[in-house]
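Trainee:
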Amino acid sequence: MSLTKAFNFIFFSKNRWKISASRFVLLLALVNTVLFNSALFSFVALNVNIYTLSGIIIASSILVIVFLFNILFISIFSIITPLLVKWLFIITAFINSIALYYLISYQVTLDRTMMGNIFNTKTSESFALLTPTLLIYIFIFAVIPSLLILKIKVTPLNRLKILFNGFLIFVISIFFLYLNSSNWLWIDKHAKLLGGKMLPWSYIINSVRYYSGISRSKKKQILLPKGTFFNNKKVAVVLVIGETARAQNFSLYGYPRNTNPQLHSEKNLLVFNKTTSCSTYTTASVACMLSHNNGKGNYEPLPSYLTRLGVNVIWRTNNWGEPPIYTSKYQKSSELKKQCHGKECQFDEVLLTKINEEIQLSKKKKTFIVLHTYGSHGPSYYAKYPSKFEVFSPVCRHEELSKCTQQELINAYDNTILYTDYFLHKTIQKLKKLKMPVMLIYASDHGESLGENGLYLHGTPFMFAPKYQKEIPFIIWRSKALIKLQGLSNNKVKQVGTFSHANIFHTIIGTLGIKGGAYNKTLNILKTNSP
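Under numbering that gives the first Met the number 0, the first residue of the sequence shown carries the number 0, and numbering increases by one thereafter.
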């Protein structure tokens, strides 16, 4: 059949094939296995020696298991009506084609973590991920197969036969798994990654797991034990939550490019090495940063806790993903832009709008401000900074990162770090004008992959994530007045060691002068002889 005839048949012909219900089930199972699981089989091929007998057995076992699994579930739905199966296939084909594109292009794994990432992605970010290649995937793997499936007429089915076939497949599957018991150890070791690449079951099952977790988290938060203030001094703490910044690209951490020219010249700066995030995606990391116990249990987060203790708490955000919080004031960037004038108001600098006034005019002794930045969020790194910060060039301006050279990608990313450096420096300069005890604490939610080993972005399951997605910058600046109040000079603060998001909660409440309650002095980086 020529291409023209094939095209006319697919799109214009009214001819239909007749096929029995049993064969229809087998056909759909085969199509789903072959079309949408190339990422799964590529992973298997890369992790076993397929030129050995054991490697061939493992690879073929997974192929057969996926095929049988598809037959079993399609058989269950076909008992109702083949028409339902057709439309379920068409719907999943479109989702599968999109999922397959990201599995192959970005080497992601569709586990519960990644599904959380997807469901929390802004609409504007979603549009940034639309590429011509994605549309080609949808056309080849969804549109054409769907049109062909619609041309199939399924002959009346024998439900008893379908049930028997389904039961037979189930028995065969159990027997096959038993015969391959010698491979269980390898499959169990890689189960999370295998499951996260099996379409459509990866995103279906892990979507259910994600939303069941959300449902559990919506239960009433457990209040933390109430602490008390051991001093009545006016103190302010500003927490800057970075986005997708990795320590490897900060010159403060030894990166050869000078991506931190402003911070290098800043006095009273503490730079903590070997700091690890507790997750590789925003929602989990931010929740962990604000938790007294690394995010375990449904306890109230830091802003809610401090608000309840009478602290003036202000949350300013140019991002998303924070847990349910109670604050004195919650301000989105869109609201702050009404008071901000200039091109810089389109970027993270909008979060600094009248920040000093908020602290000075507060009637409360203690103020805690969170600035949740957009930082270095990909894939459109080039859009996260003003044009004057495009120091490293040429830059990647393509949302399909694999189409850029790695150097172009790194250039664009490094420019975001350069802008972060400027943003932090500008924040510090503003805080210096207050002439009072004040601290800035900066930490990124997680890191980022920039093409190393074929990986891009973030969200890889923590157990398998490379260091680039886990090692983050962690920086503290204190005013002279705060250093004097704490009686702790910079040279007495331990900056070399192992640090994590777990240190943030306790360092902040210790600085605000809170003792007892949820405070754990051992996790306070700035602990002194005070309570």
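The beta-carbon is built from N, C-alpha and C at its ideal position, and this holds for glycine as well.
Would you call Pro-393 buried or exposed, if buried means 16 or more other Cβ atoms sit within 10 Å of its Cβ?
Mentor: exposed
Trainee: Count Cβ pairs between the segment 289-298 and the segment 503-522 that sit closer than 8 Å; are there 3 or more?
Mentor: yes
Trainee: Do the CB positions of Leu-439 and Thr-426 come within less than 8 Å of each other?
Mentor: yes
Trainee: So what does DSSP say about Thr-326, is it helix, strand or coil?
Mentor: coil
Trainee: Would you list the one or two residues that DSSP bridges to Asn-272?
Mentor: Per DSSP, none; premise fails for Asn-272.
Trainee: Under DSSP, the beta strand (DSSP E) around Leu-82 begins and ends at which residues?
Mentor: Premise fails: Leu-82 lies in the alpha helix (DSSP H), 81-104, not in any beta strand (DSSP E).
Trainee: Take Lys-266 and list the residues in its own chain whose beta-carbon comes closer than 8 Å to its own, dropping the five residues that flank it on each side.
Mentor: Closer than 8 Å at the Cβ level, and outside the excluded window around Lys-266, lies no residue.
Trainee: Between the C-alpha atoms of Val-236 and Val-312, what's the straight-line distance to the nearest angstrom?
Mentor: 10 Å
Trainee: Would you mind listing the beta strand (DSSP E) stretches within the segment 241-290 that are 3+ residues and don't spill past its ends, in chain order?
Mentor: 268-270
Trainee: Could you tell me the distance, in whole angstroms, from the CA atom of Ile-593 to the CA atom of Phe-40?
Mentor: Since the first and last residues shown for the chain are 0 and 530, residue 593 lies out of range.
Trainee: Give me the DSSP bridge partner(s) of Trp-16.
Mentor: Ile-151
Trainee: Could you name the residues of the same chain whose beta carbon sits closer than 7 Å to that of Leu-83, not counting the 5 residues immediately before and after it, in chain order?
Mentor: The beta carbon of Leu-83 sits closer than 7 Å to the beta carbons of Phe-76 from its chain, once the five residues preceding and following it are set aside; these are given in chain order.
Trainee: Express the C-alpha separation of Ile-416 and Phe-463 in angstroms, rounding to a whole number.
Mentor: 25 Å
Trainee: Are at least three pairs of beta-carbons, each pair with one atom in the segment 141-157 and one in the segment 86-106, less than 8 Å apart?
Mentor: yes
Trainee: Under the rule that 16 or more other beta-carbon atoms within 10 Å means buried, what is Thr-282, buried or exposed?
Mentor: buried
Trainee: DSSP three-state label for Tyr-304, please.
Mentor: Note: Tyr-304 maps to helix in three-state DSSP.
Trainee: Could you pull out every residue in the same chain whose Cβ sits closer than 8 Å to the Cβ of Gly-446, ignoring the five residues on either side in sequence?
Mentor: Thr-243, Ala-244, Arg-245, Ala-246, Gln-247, Ser-276, Thr-279, His-457, Lys-466, Tyr-467, Gln-468, Lys-469, Glu-470, Ile-471
Trainee: Out of Leu-522, Lys-526, Ser-448, Ile-508, point me to the one whose CA is closest to Gly-486's CA.
Mentor: It is Lys-526 whose Cα lies nearest to the Cα of Gly-486.
Trainee: On the DSSP letters alone, give me the boundaries of the alpha helix (DSSP H) that Ile-56 sits inside.
Mentor: 52-77
Trainee: Three-state secondary structure (DSSP) at Glu-470?
Mentor: It is a strand residue.
Trainee: Can you pull the DSSP bridge partners for Ile-313?
Mentor: Lys-328, Ile-368
Trainee: Count the other C-beta atoms from every protein chain shown that fall within 10 angstroms of the C-beta of Leu-222, then say buried if there are 16 or more, exposed otherwise.
Mentor: exposed
Trainee: Per DSSP, which one or two residues make a beta bridge with Met-438?
Mentor: Val-236, Arg-477
Trainee: Between which residues of its own chain and Lys-196 is the CB-CB distance below 8 Å, once the five residues before and five after are set aside?
Mentor: Asn-36, Ala-38, Leu-39, Phe-42, Leu-102, Thr-108, Leu-109
Trainee: Tell me which residue opens and which closes the alpha helix (DSSP H) that Asn-414 is part of.
Mentor: 405-431
Trainee: Measure the C-alpha to C-alpha separation of Leu-25 and Ser-201 and round it to an integer number of angstroms.
Mentor: 21 Å
Trainee: Give the list of continuous alpha helix (DSSP H) stretches no shorter than 4 residues that lie fully inside the segment 200-227.
Mentor: For the segment 200-227, whole alpha helix (DSSP H) runs of length 4 or above, ordered along the chain, are 200-216.
Trainee: Give the secondary structure of Lys-337 by DSSP, where H, G and I count as helix, E and B as strand, and everything else as coil.
Mentor: helix
Trainee: Using 8 Å as the cut-off, can you tell me whether the segment 474-484 makes contact with the segment 304-321, which would need three or more C-beta pairs spanning the two stretches below that distance?
Mentor: Flag = no, the segment 474-484 and the segment 304-321 do not touch.
Trainee: Can you check DSSP and say which residues form a bridge with Ile-508?
Mentor: Answer is none; Ile-508 lacks a bridge partner.
Trainee: Identify which residue in Lys-362, Leu-350, Lys-365, Lys-364 has its Cα closest to the Cα of Tyr-373.
Mentor: Leu-350
Trainee: What's the C-alpha gap between His-500 and Gly-377?
Mentor: 22 Å
Trainee: With a cut-off of 8 Å on the beta carbons, I'd call Leu-408 and Leu-449 a contact; round off their distance for me.
Mentor: 5 Å
Trainee: Enumerate in chain order the residues of its own chain whose CB-to-CB distance from Lys-328 is below 6 Å, with the five nearest sequence positions on each side excluded.
Mentor: Ile-313
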